[in-house]
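For reference, the structure discussed in these notes is given below.
There are 2 protein chains.
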Amino acid sequence: MDMKTVLQDKDLNQLVYNALSFGTAVMLGAFVYFLTQMNSVAKQYRTGVAVSAVVVGIAGYHYYRIWQGWSIGEMNEGYRYADWLITVPLLVIELLIVLGVTADRRKALLKTLVPATVLMIGLGYPGEVATSDGTKWTFWILAMIPFAYILFTMFGELKAAGSRETGEIASSIGNAAKILLVTWLVYPIGYLFPVIFPAGHQGAEAGRQLAYTVADITAKALYGIMILNIAKARSGDTR
Amino acid sequence: MDMKTVLQDKDLNQLVYNALSFGTAVMLGAFVYFLTQMNSVAKQYRTGVAVSAVVVGIAGYHYYRIWQGWSIGEMNEGYRYADWLITVPLLVIELLIVLGVTADRRKALLKTLVPATVLMIGLGYPGEVATSDGTKWTFWILAMIPFAYILFTMFGELKAAGSRETGEIASSIGNAAKILLVTWLVYPIGYLFPVIFPAGHQGAEAGRQLAYTVADITAKALYGIMILNIAKARSGDTR
Chain A
14 MDMKTVLQDK
24 DLNQLVYNAL
34 SFGTAVMLGA
44 FVYFLTQMNS
54 VAKQYRTGVA
64 VSAVVVGIAG
74 YHYYRIWQGW
84 SIGEMNEGYR
94 YADWLITVPL
104 LVIELLIVLG
114 VTADRRKALL
124 KTLVPATVLM
134 IGLGYPGEVA
144 TSDGTKWTFW
154 ILAMIPFAYI
164 LFTMFGELKA
174 AGSRETGEIA
184 SSIGNAAKIL
194 LVTWLVYPIG
204 YLFPVIFPAG
214 HQGAEAGRQL
224 AYTVADITAK
234 ALYGIMILNI
244 AKARSGDTR
Chain B
14 MDMKTVLQDK
24 DLNQLVYNAL
34 SFGTAVMLGA
44 FVYFLTQMNS
54 VAKQYRTGVA
64 VSAVVVGIAG
74 YHYYRIWQGW
84 SIGEMNEGYR
94 YADWLITVPL
104 LVIELLIVLG
114 VTADRRKALL
124 KTLVPATVLM
134 IGLGYPGEVA
144 TSDGTKWTFW
154 ILAMIPFAYI
164 LFTMFGELKA
174 AGSRETGEIA
184 SSIGNAAKIL
194 LVTWLVYPIG
204 YLFPVIFPAG
214 HQGAEAGRQL
224 AYTVADITAK
234 ALYGIMILNI
244 AKARSGDTR
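Chains as they are written, first to last, in the working numbering: chain A, 14 to 252; chain B, 14 to 252.
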C-alpha cells in the first residue's frame, strides 16, 4: 500500500517535503550562528541578537514539526500560526533594539505594535483554515488592516533611523528595510493562492507552502543577519 | 519478511548504512569542536570559524536524515542537494573571511560566487534524479560550468593569499588549497558512477554514496580544520 501523502502529485509532495526540511536546517543553522555572534556586538545590542536567535530557534522547532507531519501525510496549519504568534512580535522587538530607538519611544511603539501582530495573526487563521473563498477574502481583508499598520510603522522607523545615520550603518539599515518590505508582501499573496487557483489545485497548494517557507527563511534568518549587520555597524565593527 | 533495503546486496547496503552513520558522527563531532575553538582565534576570524561550525552542524542534520531514510529502505537525494544549497555558499564565505580578503573585494566576489553555487547545485539535481544517461550527461556538463568557475576563483584566491604570506600562514593556506582541489573533484566523478556502470549496478550505487560521504567529510570537516589552522596562524597562535 502506498504511504499517505498531503498532495496526490508525488513530485510536488516531495518538493514541499524537501523545502520543509530545508527550512528546518536553515533555521537551526541560523540559530547556532546568531548565538555565536552575540558577543561580537556592543552590549546594548546583544539582546537584539539574542531575540533573533530565539526567533529562528522557535521557527526551526515548528518547521521540524510541520515537516514531520508532512512526512506522514498530515498538514497542520496551526503550527505556522503558533510560530508567527510568538515570532512576529519578537521580529518587531529585535528591530527596535538595534535601530537605537529610545526606551520610551520603543515602549510606546510596542504598546500598539504587539497587539497589532496578535490581531493580524488571529484574524488570518480563520481564513487560512476555511474552505470557502468568501471567508478567506473576509479574513484576508481584516488581517490586512493590522498588517498594513505594522509594516507601515516598521518601515517608517527604518527610514527615520536610516536618515539619522551615514556610511555603513545607513546602508545596513537600508538593506534591512528592503528585506522587510519584499518579504512581508509574500505572505498575503501566498494566503490567496487557494482563492486565485481552482479548489484542490496541487501546484497552488505546493506554491503556497513554498512561498511561506521562502518568506519565513527571509523574514527570520536573512532579516536576522540584517539585524546583526546593523548591530555590528553600530558597534564600530564593519567587517 | 525481510526489511526493505535500498540496495539488494546486503553487505553493500550495510556498508553504506555504516558510512552514513559515520558521516553523521564526524559532522556533529566537528560541530562541537569548531564551537569550542571560536575564542582561540583573533576577533576578525571568529565569524569564519562560526560559519564552519554552522556548515558541519547543518551537514550533521542532513546525514542523520539520510541515514534514517536508508535504515528504512529509502534514499532521498534531495537531502544532499538541500544540504549543498545551504553549505556550499557558506564554505566560500568562511574561506574568504580567513584569507583576509578586504571587505569590498569579498562583497564583489560573493556577488558572483554565491549565485554560481546556487546555479551549480540547481543544475546538478535534475541529472542526479534522472534515470536516462543523456539527461545525466547534459546536466553534468551544465553544472560543470559554474563548478569550474567557483573552483578556479577560490583556488586563485588561495594562491594569491598564499603568495602574500610566509611561514606557518603560507603553509596552512597551501594545505587548504590542496584539500579544496582534491575533494571537489570527487563530486563530479561520483555523479557519473550511474552512467559509467551498467544500470542497477549495486557496487556503483554504493560507491557513489561512499564517494559523496567521504567528499562531504573532507570538504566540510577537514576543510573546516584547515580554515581554523589559517585563522590560528593569522592570530599568531601556531599551536
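Just so you know, even glycine gets a beta-carbon here, dropped at the ideal spot from N, CA and C.
Beta-carbon gap between residue i and residue j smaller than 8 Å
i	j	result
residue 69/A	residue 44/A	yes
residue 31/A	residue 91/B	yes
residue 176/A	residue 58/A	no
residue 138/A	residue 200/A	no
residue 105/A	residue 167/A	yes
residue 170/A	residue 132/A	no
residue 18/A	residue 66/B	no
residue 245/A	residue 207/A	no
residue 42/A	residue 158/B	no
residue 28/B	residue 83/B	no
residue 46/A	residue 174/B	no
For residue j and residue i, believed in contact at Cβ under 8 Å, the rounded distance
i	j	result
residue 22/B	residue 215/B	4 Å
residue 192/A	residue 236/A	5 Å
residue 152/B	residue 136/B	6 Å
residue 240/B	residue 108/B	7 Å
residue 172/A	residue 190/A	7 Å
residue 134/B	residue 185/B	So it is not a contact: roughly 28 Å between Cβ atoms.
residue 253/A	residue 212/A	Residue 253/A lies beyond the range of chain A shown here (14 to 252); nothing can be said about it.
Under 9 Å from the C-beta of residue i: neighbouring residues of chain A
i	result
residue 66/B	45, 46 and 49
residue 247/B	Within 9 Å Cβ-Cβ: nothing; residue 247/B doesn't reach chain A, min ~14 Å.
residue 174/B	What residue 174/B touches in chain A: nothing, since even the nearest Cβ is about 17 Å away.
residue 121/B	Per Cβ cutoff of 9 Å: no residues; residue 121/B is ~15 Å from chain A at best.
residue 244/B	The premise fails here: residue 244/B is roughly 13 Å from chain A at the closest Cβ pair, so nothing lies under 9 Å.
Buried or exposed (CB count within 10 angstroms, at least 16 for buried), residue i
i	result
residue 144/A	exposed
residue 110/A	buried
residue 125/A	exposed
residue 147/B	exposed
residue 195/B	exposed
residue 87/B	exposed
residue 219/B	buried
residue 37/B	buried
residue 85/B	exposed
residue 229/A	buried
residue 232/B	buried
residue 73/B	buried
residue 60/B	buried
residue 56/A	exposed
residue 16/B	exposed
residue 198/A	exposed
residue 251/B	In this predicted model, residue 251/B has a pLDDT of only 48, less than 50, meaning its place in the structure is not dependable; the value taken from the coordinates is given anyway. Classification for residue 251/B: exposed.
residue 89/A	exposed
residue 117/A	exposed
residue 24/B	exposed
Contacts that residue i makes with chain A (C-beta to C-beta distance below 8 Å)
i	result
residue 118/B	Simply none; closest approach about 13 Å.
Chain B residues whose Cβ lies nearer than 7 Å to that of residue i
i	result
residue 39/A	99
residue 42/A	67, 70, 71 and 99
Proximal chain B residues relative to residue i, where beta-carbon distance stays under 9 Å
i	result
residue 31/A	89, 91, 92, 94 and 95
residue 84/A	Under the 9 Å cutoff, chain B gives no residues; its nearest Cβ is about 10 Å from residue 84/A.
residue 27/A	89 and 91
Beta-carbon neighbours of residue i, restricted to chain A and to distances below 7 Å
i	result
residue 74/B	38 and 41
residue 143/B	Ordered by position in chain A, no residue passes the 7 Å Cβ test against residue 143/B, which lies about 13 Å from the chain.
residue 78/B	34
residue 232/B	Those do not exist, as residue 232/B stays about 17 Å from chain A at its closest Cβ, beyond 7 Å.
Amino acids of chain B, ordered along the chain, whose beta-carbon sits closer than 8 Å to that of residue i
i	result
residue 53/A	56, 59 and 60
residue 35/A	95, 98 and 99
At least three beta-carbon pairs within less than 8 Å, the region 74-83 of chain A to the region 104-122 of chain A
no
Do the region 174-192 of chain A and the region 95-105 of chain A make contact, defined as three or more Cβ pairs closer than 8 Å?
no
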